[in-house]
Structure formats: structure tokens, C-alpha cells
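Q:
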Amino acid sequence: MKKQVTVIGGGAAGLTAAIWAARSGADVSVIEHTDRVGKKILSTGNGRCNLTNSKMDKSCYRSGQPDFPMTAIGQFGWKDALRWFSSMGLLCKSRMDTYYYPVSDQASAVLDCLRLECGRLGVKVITGCSPERIIREKKGKTPGFRIETNLGVKQAEGLILACGSKAAPNTGSDGSGYELAAAFGHRIIKPLPALVQLRCQGNYYRQLAGIRTEARMRLEIDGQRAAEEQGELQITDYGLSGIPIFQLSRYAARALDEKKKVRVVVDFLPYMEKEESRIFLEKRFEEFGWRRGEDFLTGVVHKKLAVVFLKMSGIPLDQPAASATRRQRDHLLKAMKSYEALVSSVNPFANAQVCCGGVDVREVDPKTMESKLVKDLYFAGEILDVDGICGGYNLQWAWSSGRAAGCQAAQRRG
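FYI, the numbering for the sequence shown is 287 to 700, going by this note's numbering.
Here is the structure:
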């Protein structure tokens, strides 16, 4: 007789777990509280779905236990994911060498392949179904779970919690899975927004909004370097955005929650070292000092940035730049190489791609995704305290953890 496995959550990790549990011989049901499965998949990769990345190592993930993510990914990596999707009829291509997308450039194609495979395998998908309470019970010799929902009671021998996080609540992520896990005694590390924009103090952001420029960014927490990224910085009317900022945001969110001082030091001349930049500016004062201040940095940085740098340095906009004092020139170098953005907050869950925090992975087996506290209870995806950087890493985590949970949950044990 087939083992009855129920997956709570019909996102990337939940559908993956359901498929692998069914392939492994289980009778599988998926419970999804929204009106359709996979909503968040549709928004990934700007609607194109960056589903994995061939640059896959420990540095791409953050977790309370640094080795935890790669244990599961080591069992089912990016090549395995591509082969798996190929087996479901999805053709993939690489962009920028390591980033993989469906050939159709449609995230909907990824979701459709998952849905069709669930249908082929006989997975029962129940939408609009919200778990209200789960009770661990023993019926005869077989332990199981009694799942009380708004649509009635469901029974399961194996249970997989793949409920997602609190990020992007418009896709159905409401954090309800944390409560279910906590009811089984699991510790929940406070979920906070990650891969999100930073809100900063200062008067210049409205003036600079819309600028995109290459920069190097260093995150400092209570004056100590915490992380560093380089890439395209986007300036908004309230602060900083762009992929490098997203990569730094989880550290900023955690530090701000702990009432620590957070700032981002921005280098707007990342292709020059500080001394090289100083020499460059001195030479420019010699060659272009005849220009008015407002035109002095034309051809070097965005004009709006140039105006702000000059104002910060005290260099008049309507006088020849060569009239700048040594102190003003030093301030200009500092503004361009070490612009300080004091972070007041991160944007809310509604703007975040994922969360940091979740079910404490120290209480979960990294090879099987099974709870160390409750037999036959498994976890997959964002509900766990694992978050990846931008570039397909969070979806790879969904595929890897979902497969581990699905395969293991389907097995009968004496």
C-alpha cells in the first residue's frame, strides 16, 4: 500500500517535493491556501525564471549553519536540476555563462512543466485549503498527522512543510508555515526581509533618483566591515537598490533588528584605488580647472552625482574648479570614493524577494530535510533558515531541498 504524503505549500519547493514523493511511490496531496499553485515562480527572473546557476558553492548561501545548504545541493545540484527539467520537457539556456533560464524566457513554462508532471503522476492538488491545526497522532501501529483545514480533515503518514516565507505576500507567502513548525516545537529564527532595497537618511536621494552606475559597496555594522559587493548601484528617491545592495540587505536587516548602526560606504570610482583616484583628480584640476564647478566632472560620473559631490565638497558650481582649496579637493575625493549612506531601514516584506531566518536548520537533517524533533515531518524551501544570493540560487534551493524531502517522505520505515 502506498504511503500517504501531504505537502503543505504549492510553490517551487512544494511542487518539487510532491513530484519526487510521487516518483518514489507515494500517494501525494498538495494543500495550497491560495487559488492556484506556483504564483511566486511566475515573478522570478523578471518573469523569465532564472532557475539555477552553474556557479554553485557555499558562498552563494546564508544560513545559521553555513554547511547546511550545500549538503542538500551536493545531492542534487544545478546539472541534476537541468536534467530533471529536461525530463519534463523544458529546454534551458545559459545567460552570462552561468545563469540558466527556460529557452522560451517564460517563467510560466517552468510552472506549467511542474503542474503537468504533478498531473501525470496523479498528485492531488487542493487549492483554497488552509491548514488550521496539525496534530501528531498514532492510528494503530502507524503514526501520522491529522491536518485540520477550512475544507475538512486530511490524514497523512508523511508531512512536508513547504509553506514559503513572508517575502512577497502578494504571491501568497504569509508566514503561516512558521506557526505550524513552531507548534511541533521547532525554533523559528525571526524572519526578516532579504534581497531587498535599503532606505537611507539624507537629503540627496530625491535629487539622485533613477541613477544607475557601477560602484563598490561596503556594508559596515557598528563601524566594522560586514560584507562587500560590486556591481550596478541603483539610487532611488529613498535610498539604495540594485543587485549588490540586495546581496548586502540580509546583513543590514539583521543588524538593524538588533538596534545596531548600519551604513553603506559607496565607492563611485571602483576601477581606481584611492591613491590612483587622488592623482586622477589632481590631474583633472590641472587640465580642466578652467571649467565651472558644475561641469568639472562631466565625462566622469553622472551629472546629477557630480553636482551632489561638489555640493558636499563645498566647491562652487558657478566658479572655475581650479579655485577649489586643498580641503575642498580632499572632500571631493572622499565623497567620490567613500560616500556614506546611513541605513535607517530595509524595505518591507512586500518588496523582498526572500527572507533571512525561518526554521532553525540545526533541528533538521541536512541530507533528508526531516525534522530531528518529529519523525516523518519534513521541510523544504524558504521556510528554512536558508537564503541565497541573486541569480537562481533560491530556486536551486527549492529544487534540492524539495527533492530530498519528497524522496525521503515517500519511504516506509520499520
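We put the CB at the ideal spot given by N, CA and C, even for glycine.
With a floor of 4 residues, list each alpha helix (DSSP H) that falls wholly inside the stretch 574-639, ordered by position along the chain.
A: Here the runs fully enclosed are 589-599 and 612-623.
Q: Quick check on DSSP: helix, strand or coil for E506?
A: One-based indexing of the sequence shown puts residue 506 at position 220. Three-state result, E506: strand.
Q: Could you pull out every residue in the same chain whose Cβ sits closer than 6 Å to the Cβ of L583, ignoring the five residues on either side in sequence?
A: Locating residue 583 in the sequence shown gives position 297, counting from the first residue. Answer for L583: A592, listed in chain order.
Q: Taking just the CA atoms, how far does G324 sit from C399?
A: As a first step, residue 399 must be located in the sequence shown, where it is residue number 113. As a first step, residue 324 must be located in the sequence shown, where it is residue number 38. Those two C-alpha atoms are separated by around 11 Å.
Q: Once you ignore the five residues that flank L445 on each side, which residues in its own chain have a CB closer than 6 Å to its CB?
A: What you label residue 445 is simply residue 159 of the sequence shown in a count that begins at 1. Same-chain partners within the cutoff: T292, F431 and L663.
Q: Give the DSSP bridge partners of A501, in chain order.
A: Mapped onto the sequence shown, residue 501 falls at position 215. According to DSSP, A501 bridges with G517.
Q: Would a C-beta distance cut-off of 7 Å place N339 and V482 closer than the cut-off?
A: Within the sequence shown, the letter at position 53 stands for residue 339. Within the sequence shown, the letter at position 196 stands for residue 482. Taking 7 Å as the Cβ cut-off, N339 and V482 do not qualify as a contacting pair.
Q: K410 bridges to which residues according to DSSP?
A: For the purposes of this step, residue 410 is identified with residue 124 of the sequence shown, where counting begins at 1. Looking at the DSSP assignment, K410 forms a beta bridge with S315.
Q: What three-state label does DSSP hand P556 in the structure shown?
A: To locate residue 556, count along the sequence shown from 1; it is residue 270. Of the three classes helix, strand and coil, the one that applies to P556 here is coil, per DSSP.
Q: Less than 8 Å between the CB atoms is what I'm expecting for C642 and K452, so what's the real figure, rounded?
A: Here residue 642 corresponds to residue number 356 of the sequence shown, with the count starting at 1. Here residue 452 corresponds to residue number 166 of the sequence shown, with the count starting at 1. Their Cβ separation, rounded to whole angstroms, is 11 Å, which puts C642 and K452 out of contact at 8 Å.
Q: My guess is that Y464 and P477 are in contact by the Cβ rule of under 8 Å, so how many angstroms apart are they, rounded?
A: Position 178 of the sequence shown holds residue 464. Position 191 of the sequence shown holds residue 477. Y464 to P477, Cβ: 7 Å. Contact.
Q: Give the range of the alpha helix (DSSP H) segment to which Q682 is assigned.
A: By one-based count along the sequence shown, residue 682 stands at place 396. Where Q682 is concerned, the enclosing alpha helix (DSSP H) stretches over Y679 to A695.
Q: For Q493, which residues from the same chain have a beta carbon less than 7 Å from its beta carbon, with the 5 sequence-adjacent residues on both sides left out?
A: Here residue 493 is taken as the residue at index 207 of the sequence shown, counted from 1. Excluding sequence neighbours, Q493 sits near K590 and V594.
Q: Looking at C-alpha atoms only, which residue of C449, M655 and L534 is the closest neighbour of L466?
A: As a working note, residue 466 is residue 180 in the sequence shown. Considering only alpha carbons, the answer is C449.
Q: Inspect the beta-carbon positions of Q533 and E514 and report whether they are closer than 7 Å.
A: Working through the sequence shown from its first residue, we reach residue 533 at position 247. Working through the sequence shown from its first residue, we reach residue 514 at position 228. Not in contact: Q533 and E514 (Cβ atoms no closer than 7 Å).
Q: Taking the beta strand (DSSP E) that T302 falls in, what are its first and last residues?
A: Sequence index remark: in the sequence shown, residue 302 carries index 16 (1-based). Unbroken run through T302 is the alpha helix (DSSP H), A298 to R309; no beta strand (DSSP E).
Q: What would DSSP say about F362, mapped onto helix, strand or coil?
A: Walking along the sequence shown from the start, residue 362 turns up at place 76. In this structure, F362 counts as coil in the three-state DSSP scheme.
Q: Among all the DSSP beta bridges, which residues are the ones paired with G430?
A: If you number the sequence shown from 1, residue 430 lands on position 144. E423.
Q: Mapping DSSP to helix, strand and coil, what is T330?
A: Position 44 of the sequence shown, counted from the start, is the residue given in the question as residue 330. Helix, per DSSP.
Q: Between E656, S630, I601 and F574, which lies nearest to H617 when the distance is taken from Cα to Cα?
A: Translated into positions along the sequence shown, residue 617 becomes position 331. When each option's Cα is compared against that of H617, the closest is I601.
Q: Quick one: Cα of V672 to Cα of G692, how far?
A: One-based indexing of the sequence shown puts residue 672 at position 386. One-based indexing of the sequence shown puts residue 692 at position 406. C-alpha separation (whole angstroms): 18 Å.
Q: Considering only their Cβ atoms, is the gap separating L484 from G269 smaller than 7 Å?
A: For residue 269 there is no data in the structure shown, the boundaries of the chain being 287 and 700.
Q: Are at least three pairs of beta-carbons, each pair with one atom in the stretch 312-332 and one in the stretch 643-657, less than 8 Å apart?
A: Result no; under three Cβ-Cβ pairs closer than 8 Å.
Q: Where does the unbroken alpha helix (DSSP H) through L494 begin, and where does it stop?
A: As a first step, residue 494 is located in the sequence shown; it is residue number 208 there, counting from the start. Segment Y491 to L494, the alpha helix (DSSP H) holding L494.
Q: Whose C-beta lies closer than 7 Å to the C-beta of N436 among residues of the same chain, with five residues either side of it excluded?
A: Taking the sequence shown and counting its residues from 1, the one referred to as residue 436 is at position 150. Answer for N436: C415, S416 and E418, listed in chain order.
Q: Between the C-alpha atoms of T522 and G496, what's the straight-line distance to the nearest angstrom?
A: By one-based count along the sequence shown, residue 522 stands at place 236. By one-based count along the sequence shown, residue 496 stands at place 210. About 6 Å.
Q: When the Cα atoms are used, what is the spatial distance from R578 to G488?
A: Position 292 of the sequence shown, counting from 1, holds the residue named residue 578. Position 202 of the sequence shown, counting from 1, holds the residue named residue 488. Approximately 26 Å, taken between the alpha carbons.
Q: Roughly how many angstroms separate the alpha carbons of Y386 and K424, rounded to a whole number?
A: Within the sequence shown, residue 386 is the residue found at index 100, counting from 1. Within the sequence shown, residue 424 is the residue found at index 138, counting from 1. Cα to Cα, Y386 sits roughly 45 Å from K424.
Q: Apart from the five residues on each side of it in sequence, which residues of its chain come closer than 7 Å, Cβ to Cβ, to S630?
A: Here residue 630 refers to the residue found at position 344 when the sequence shown is read from its first residue. Around S630: R485, C486 and Q487.
Q: Could you check if Q520 is buried or exposed, using at least 16 other CB atoms within 10 Å of its CB as the buried criterion?
A: Position 234 of the sequence shown, counted from the start, is the residue given in the question as residue 520. Buried, because 16 or more other Cβ atoms sit within 10 Å of the Cβ of Q520.
Q: CA-CA distance, A608 and G575?
A: As a working mapping, residue 608 is identified with position 322 in the sequence shown. As a working mapping, residue 575 is identified with position 289 in the sequence shown. In a straight line, the C-alpha of A608 is about 4 Å away from that of G575.
Q: Could you tell me the distance, in whole angstroms, from the CA atom of V396 to the CA atom of G375?
A: For this step, residue 396 is matched to residue 110 along the sequence shown. For this step, residue 375 is matched to residue 89 along the sequence shown. If I take the Cα positions, the gap works out to 10 Å.
Q: Roughly how many whole angstroms lie between the Cα atoms of T384 and K341?
A: Your numbering for residue 384 matches position 98 in the sequence shown. Your numbering for residue 341 matches position 55 in the sequence shown. Their Cα atoms are separated by approximately 6 Å.
Q: Per DSSP, what are the beta-bridge partners of K440 in this structure?
A: Position 154 of the sequence shown, counted from the first residue, corresponds to residue 440. Beta-bridge pairing links K440 to I433.
Q: Grab the span of the beta strand (DSSP E) containing R485 for me, first residue to last.
A: Within the sequence shown, the letter at position 199 stands for residue 485. Here the beta strand (DSSP E) through R485 covers L484 to C486.
Q: Suppose you measure from the CA of A621 to the CA of V551; what does that come to, to the nearest Å?
A: Working through the sequence shown from its first residue, we reach residue 621 at position 335. Working through the sequence shown from its first residue, we reach residue 551 at position 265. Their Cα atoms are separated by approximately 10 Å.
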